[in-house]
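Undergrad: Everything in the sequence shown is counted per my numbering, starting at 59 for the first residue and increasing by one.
All C-beta atoms in this analysis are idealised placements derived from N, C-alpha and C, irrespective of residue type, glycine included.
Remember, predicted model here, so these are calculated numbers, not experimental data.
Below is a structure I'd like to ask you about.
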Amino acid sequence: MEPIDTEMDYMVRAPRSRTSQSRMNALLILPIFGFILILVFIAAAIFQLDLSDLIDSLMGLVTFFFLVMIAMLFWAMAPRTHQS
59 MEPIDTEMDY MVRAPRSRTS QSRMNALLIL PIFGFILILV FIAAAIFQLD LSDLIDSLMG
119 LVTFFFLVMI AMLFWAMAPR THQS
C-alpha cells in the first residue's frame with residue numbers, strides 16, 4: 059500500500075496588483091447616472107410629464123454630479139503611495 063500524502067501545502071494569497079487604470083474605472087459610474095438623467099428628460103418629453111417642480115432639484119443634482127466628477131478625477135489621477 060502506498061502511504062497517504064498528508065502534507066498540506068498552504069497557498070499564500072498575495073494582494074492583487076492593481077493597474078494604473080483601476081481608479082479610472084470608478085469614474086464609469088458617472089455616465090450611468092447621466093444616462094439615467096437623460097432617460098428622465100426623454101420620458102418627460104414623450105409622456106408630457108411636468109418637471110417644473112423638479113427642475114431646481116435636477117439642476118442641483120447635475121451640479122452635484124459635476125463636483126463629484128471633479129473630485130473623482132483628482133482622486134483617480136493622484137499618485138499612489140506604497141504603504142506596507
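For the alpha helix (DSSP H) that proline 89 lies in, which residues bound it at each end?
TA: 87-104
Undergrad: Between the beta-carbon of alanine 101 and the beta-carbon of leucine 109, is there less than 7 Å?
TA: no
Undergrad: Out of Met69, Val70, Phe91 and Glu65, point me to the one whose CA is closest to phenylalanine 123's CA.
TA: For the residues Met69, Val70, Phe91 and Glu65, the minimum Cα distance to phenylalanine 123 belongs to Phe91.
Undergrad: Which value, in whole angstroms, describes the spacing of the CA atoms of isoleucine 62 and methionine 69?
TA: Cα to Cα, isoleucine 62 sits roughly 20 Å from methionine 69.
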